[in-house]
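First the structure, in the form of structure tokens, and then the observations on it.
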Ligand code: FES
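Numbering (the working numbering), first residue to last: 167 to 300.
Have a look at this one:
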């Protein structure tokens with residue numbers, strides 16, 4: 167089936183299988199690898215994108231459902247080639263430089279929890295971005 171989806175403000179078209187998940191369309195067809203497939207249980211949120219402005223787990227949505235709609239990925243919240251203020255804040259926090267976030271974001275989380283934090287980053291950023299828009 168041929169679908170047309172506005173992804174991060176740009177019209178994109180592709181032929182897809184009816185059963186293709188949106189997360190695979192975004193990553194494999196469009197090459198936007200900021201969206202992650204982090205679990206098989208729809209619990210981690212690493213695949214979160216905005217579908218018409220609402221956060222959805224793209225591992226639970228068929229790509230054909232996005233036909234004719236707007237999708238925003240983590241790449242879409244950047245300001246051109248620059249990171250958004252939210253992205254900059256999280257990058258600094260992960261490096262242990264964020265004011266007030268050092269212990270929680272890096273120093274306090276040993277290995278596995280730090281990796282989980284990284285998987286959840288698109289979810290957190292897109293939820294916060296939606297919240298800031300009002
Ligand atoms: S990949 Fe984990 S919730 Fe979608």
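A virtual CB, placed ideally from N, CA and C, is assigned to each residue, including glycine.
Query - Any residue whose CB is nearer than 7 Å to a heavy atom belonging to ligand 1, listed in chain order - result: 189, 202, 203, 204, 205, 207, 208, 209, 210, 211, 212, 213, 223, 224, 225, 226
Requested in this report: Out of 240, 223, 175, point me to the one whose CA is closest to residue 208's CA.
Outcome: The shortest C-alpha separation from residue 208 is found at 223.
Requested in this report: From the DSSP output, in three-state form, read off residue 212 for me.
Outcome: coil
Query raised in the report: Exposed or buried, residue 211, counting other C-beta atoms within 10 Å across all chains shown (16 or more means buried)?
Result: buried
Query - Rounded straight-line distance, which links the Cα of residue 234 to that of residue 242 - result: 18 Å
Query raised in the report: beta strand (DSSP E) containing residue 168: first to last residue?
Result: 168 to 173
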